[in-house]
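Comments concern the structure below.
Residue numbers (the working numbering): 1 to 340.
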């Protein structure tokens, strides 16, 4: 348990177990897998070289999943790629671009893109199967991830440190100055390293290792993300020894950044922010009225949470007990003297 083993706290074992349990239950429900496949197929519609087998819902249930049959070269049979004339380098790039798009743009991604879940088809197309394990990232988490990846790729330690501290949250006891220095040292070591030589999956694993080294936790929804990055990079290297995830990621990251600052996108975000502000402003008079009403009735309670307050109270209790005992002993001495 977390409380019984402080060394496990940075790994947030309870959250990880809950996340694993949810993922396992989803994997066992084949109808969920079918819905995941359809959503990712819709998101991949703009990439004609990516194939997701169609689900036949008339025959699909929680225990049965019926999809189109995929006729192609299994992901681990690399020797056949050369025999059929498929382009390994192009396949590695296309597979990486597809999964990166799922992660950075769509927020729903194949979390287990290993060779057993991939088939290579004529015309250098790629078919993904087995969507039982998928990862989900909220819009906010995608924005944080975008900043982190850009910070790693562009060797910007300050950006990397800011994102990691946001992920760590407020419940930490780390020396922030020491953490920032360590992150800056880590990122700075890549200055002068050619972009193509950066191992993005390994870098993600290393920076999260720094977090845990400072007794800081990592949000549980990022575990599948890092796993997918490392698996995808390994598959790309299997296809093409010169494959580098960073080279494929950077153009997409810049594209997403540019899209965020398009006038239409900025106007949409500004409108959402304004709506939230107006909603708060609309509720403010009622909230103030309730607060004043409670104050008049003497029902306003102020909660102050001071660390170790109980321990301080215990110490005061012990001091009071000692003082009382001292007074009693003094009284006995004085009384005995009078009697004698």
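Glycine residues also receive a C-beta, built at the ideal position from the N, C-alpha and C atoms.
Asked, Found
"Beta bridge counterpart(s) of residue 110 as assigned by DSSP", "134"
"Contacting residues, own chain, Cβ-Cβ under 8 Å from residue 205 (five flanking each side not counted)", "226 and 230"
"Identity of the residue in 293, 250, 18 and 140 nearest residue 150 by Cα", "250"
"With 16 other Cβ atoms within 10 Å as the buried cut-off, status of residue 325", "exposed"
"For residue 257, three-class secondary structure by DSSP", "helix"
"Beta-carbon proximity check, residue 233 vs residue 198, cutoff 8 Å", "no"
"When 247, 178, 167 and 187 are compared against residue 222, the one with the closest alpha-carbon", "167"
"Cβ-Cβ distance between residue 137 and residue 107 below 8 Å", "yes"
"C-beta contact flag for residue 124 and residue 87 at 8 Å", "yes"
"Other residues of its chain near residue 190: CB distance less than 6 Å, five sequence neighbours each side excluded", "155"
"Whether residue 135 touches residue 224 by CB criterion (8 Å)", "yes"
"Per DSSP, cross-strand counterpart(s) of residue 127", "51 and 119"
"Sequence-distant residues of the same chain with beta carbon closer than 7 Å to residue 248, five excluded per side", "93, 96, 97 and 100"
"Burial state of residue 59 (16 or more Cβ within 10 Å)", "exposed"
"Burial state of residue 244, where buried means 16 or more other Cβ atoms lie within 10 Å", "buried"
"Nearest candidate by alpha-carbon position, reference residue 142, set 14, 256, 289 and 112", "256"
"Proximity to residue 85 [Cα-Cα], best of 208, 14, 159 and 120", "120"
"Pick from 140, 148, 112 and 139 that is closest to residue 131, judged by C-alpha positions", "112"
"Length of the line joining the Cα atoms of residue 103 and residue 146", "10 Å"
"Within 8 Å, strictly: CB atoms of residue 183 and residue 157", "yes"
"Backbone CA spacing between residue 128 and residue 176 [nearest angstrom]", "42 Å"
"DSSP bridge partner residues for residue 74 (one or two, in chain order)", "119"
"Residue from 52, 61 and 57 whose Cα sits closest to the Cα of residue 71", "52"
"Nearest to residue 50 (by Cα), restricted to the options 126, 31, 83 and 62", "126"
"Beta bridge counterpart(s) of residue 102 as assigned by DSSP", "Note: residue 102 sits in no beta bridge, so no partner."
"Under 8 Å between C-beta atoms of residue 37 and residue 62", "no"
"Neighbourhood of residue 64 by C-beta, 7 Å cutoff - its chain only, sequence neighbours within 5 removed", "30"
"Distance between residue 267 and residue 282 (C-alpha atoms, nearest Å)", "22 Å"
"Selected residue, minimal CA-CA separation from residue 235, among 17, 75 and 42", "75"
"Span of the alpha helix (DSSP H), counted from its first residue to its last, around residue 143", "139 to 153"
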